[in-house]
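Counting in the numbering used here, the sequence shown runs from 128 upward without gaps.
Backbone N, C-alpha and C fix where the C-beta goes; we use that ideal spot for every residue, glycine too.
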Amino acid sequence: MARRGISCLFGNLEHFRCGCRVGAGSVSNNDSIPLSLTKAAEQQSRPEVGRVNQLGSAAQFCLKVQVGDVMVDAVIDSAAEVSLISDQVYKAMKQPPPEQRDVKLLMTGRDASMQGFVVGPVKLKIGNYWYQQHLYVARQMSICYLVSTF
């Protein structure tokens, strides 16, 4: 039984991916599903629009995020321990932040790793809000992953 007031990433109250009545939670559905986000009442000029992408068996919540002076499509991963950007995004910055240290990034569920480094602090803009955070730069990565702990 669903708890009142809790919604899934598809935006409907008491609607969860595994019990999706409209097929949006189906593993075979690889389309993006628009999701309307609301901002605080005092800053609400128009709603932000995010996307929930269905890839395999996991949904990904994607938003446009400004990383320094570069706009990217980022996956918001609230379960991740670090925020990652690709080295292409880092190189595209007009004034990239200084490298702090080298790191080896281990991938969950596989015996794989990739080399990277930590930079920061980096200014991030999500909607109308600015954040500052140290980011991990991963070489040969195509998607930015940002966590919600900033």
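From the options, pick the residue whose C-alpha is nearest to that of residue i; which is it?
i    : options                   : result
K250 : Q260, K218 and C189       : Q260
Y263 : V209, C189 and D196       : V209
S215 : Y258, K252 and G243       : In the sequence on display, residue 215 carries Gln and not Ser. Ranking Y258, K252 and G243 by Cα distance to Q215 puts G243 first.
Y258 : G195, P224 and V246       : G195
V246 : I253, L233 and Q222       : Q222
K231 : V199, Y217, Y256 and A265 : A265
L233 : A207, G254 and M220       : A207
Y217 : C189, D204 and Q193       : Q193
M220 : I253, M198, D204 and D229 : M198
P224 : P248, V202, I203 and D204 : P248
Does the beta-carbon of residue i have 16 or more other beta-carbons within 10 angstroms, so that it is buried, or is it exposed?
i    : result
L211 : buried
S240 : exposed
S163 : Confidence in S163 is poor, its pLDDT being 38 and thus under 50, which makes the residue's placement unreliable; the coordinate value appears in the next sentence. It is exposed - the Cβ of S163 has fewer than 16 other Cβ atoms within 10 Å.
S213 : buried
Q267 : exposed
P161 : At P161 the pLDDT is 41, less than 50, meaning the model places this residue with poor confidence; the figure from the coordinates comes in the next sentence. Under this definition P161 is an exposed residue.
Q171 : Summary for Q171: the model assigns pLDDT 47, below 50, so the residue's position carries little reliability, and this model does not support an answer.
Any idea what DSSP makes of residue i, helix, strand or coil?
i    : result
Q267 : coil
D229 : strand
D214 : helix
A219 : helix
A206 : coil
D200 : strand
Please find out if some non-hydrogen atom of the ligand SAM comes closer than 7 angstroms to the beta-carbon of residue i.
i    : result
V199 : Here there are no bound small molecules, and the ligand SAM is not part of this structure.
**Item:** 3-residue-minimum beta strand (DSSP E) runs that sit fully inside the stretch 232 to 261, ordered along the chain
**Value:** For the stretch 232 to 261, whole beta strand (DSSP E) runs of length 3 or above, ordered along the chain, are 240 to 253.
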